[in-house]
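Working notes, structure below.
Protein chains in written order, with our numbering: chain S, 1 to 136; chain Y, 1 to 136.
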């Protein structure tokens, strides 16, 4: 398995619970940009979404995504990762939103009334290339 | 002129110098997501870029963009604006990067060696609709 698409400094940066901004493209060719929680493991970027969301419909039609992670302490330091959604994991969607909630908030995920565990889907994103700004 | 595409609370939020994240789509259908400075005036979102940048080539081919502005004090508060680039202003590119630099850094823009005033281009974006998160 090749896990080396990302330079070491980027991989290290991705350990921190900064918000990511997920870019997707609609079937009509419009961009969609949404702040999301993420997790980097096994060479993949994991984000989690829910049935019915625009970004899920977008990546089902076109798996090309961009994940931009901005340093919460310095907005001029960020990494922009071009990638492809290589897996839709519905089996672990609920497990993963709870892992993300632990990472970002230190507690299990609180479902709003409009959402439910069986709706959650994890997107596994394979990084293709990264562009950094403000890294030394 | 119709300037009412954006709700008042959003227009007020856009006065603050938070970073925006500009989403564009490449001719190959890949999203591009880049943090940018912005300014909202006369019902348009102004961002500024430079000749040769990927985002400029993208919007020349496909003017559909998304501007997502995240509150620097609360990353769970943001507005996502779908819009269209309706004007490329090359005449005021240098003036506008200096206005943006004043807004964000309180001083004129410092050109890096790889850039020059005549390369700057302002993109004027007409908002089509806005989606807010964390607004009351």
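Every residue gets a Cβ at the ideal spot worked out from N, C-alpha and C, and that includes glycine.
So, helix, strand or coil for residue i, using DSSP?
i                      : result
residue 135 of chain Y : coil
residue 15 of chain S  : coil
residue 94 of chain S  : helix
residue 48 of chain S  : strand
residue 55 of chain Y  : helix
residue 26 of chain S  : coil
residue 107 of chain Y : coil
residue 128 of chain Y : strand
residue 35 of chain S  : strand
residue 112 of chain S : coil
residue 75 of chain Y  : strand
residue 61 of chain S  : helix
residue 20 of chain Y  : strand
residue 6 of chain S   : coil
Residues of chain Y with a CB under 9 angstroms from the CB of residue i: which are they?
i                     : result
residue 48 of chain S : Within chain Y, no residue comes near residue 48 of chain S; the closest Cβ sits about 16 angstroms away, beyond 9 angstroms.
Measure the Cβ-Cβ separation of residue i and residue j and say whether it is below 7 angstroms.
i                     : j                      : result
residue 50 of chain S : residue 115 of chain S : yes
residue 47 of chain Y : residue 36 of chain Y  : yes
residue 25 of chain Y : residue 33 of chain S  : no
residue 98 of chain S : residue 108 of chain S : yes
residue 59 of chain S : residue 85 of chain S  : yes
residue 6 of chain S  : residue 127 of chain S : yes
I want to verify the contact list: residues of chain S whose CB lies under 9 angstroms from the CB of residue i, in sequence order.
i                     : result
residue 19 of chain Y : 70, 75, 76
Determine the chain Y residues that contact residue i at a beta-carbon separation under 7 angstroms, and present them in chain order.
i                     : result
residue 64 of chain S : 29, 30, 31
Starting from the beta carbon of residue i, find every residue of chain S whose beta carbon is closer than 8 angstroms, and list them in chain order.
i                      : result
residue 134 of chain Y : What residue 134 of chain Y touches in chain S: nothing, since even the nearest Cβ is about 10 angstroms away.
In chain order, what residues of the same chain lie with their CB nearer than 6 angstroms to the CB of residue i, ignoring the 5 residues before and after it?
i                      : result
residue 134 of chain S : 76, 77
residue 139 of chain Y : No information on residue 139 of chain Y is available, as it lies outside the stretch 1 to 136 that chain Y covers here.
residue 129 of chain Y : 82
residue 103 of chain Y : 17
Apart from the five residues on each side of it in sequence, which residues of its chain come closer than 7 angstroms, Cβ to Cβ, to residue i?
i                      : result
residue 67 of chain Y  : 20, 22, 38, 45, 81, 83, 125
residue 122 of chain S : 46, 48, 89, 92, 93, 96
residue 27 of chain S  : 61
residue 100 of chain Y : 37, 39, 48
Applying a beta-carbon distance threshold of less than 8 angstroms, which residues of chain Y neighbour residue i?
i                      : result
residue 200 of chain S : Only positions 1 to 136 of chain S appear in the structure, and residue 200 of chain S is not among them; the question remains open.
residue 34 of chain S  : 68, 80
Once you ignore the five residues that flank residue i on each side, which residues in its own chain have a CB closer than 8 angstroms to its CB?
i                     : result
residue 13 of chain Y : 69, 71, 79, 135
residue 74 of chain Y : 134
Kindly examine the ligand ZN and report whether one of its heavy atoms sits closer than 6 angstroms to the Cβ of residue i.
i                     : result
residue 89 of chain S : Among the ligands in the structure shown, none appear at all, so the ligand ZN cannot be discussed.
Quiz prompt | Touch test, the segment 57 to 67 of chain Y against the segment 86 to 104 of chain S, Cβ-Cβ under 8 angstroms, three pairs minimum | solution = No: fewer than three Cβ pairs fall under 8 angstroms.
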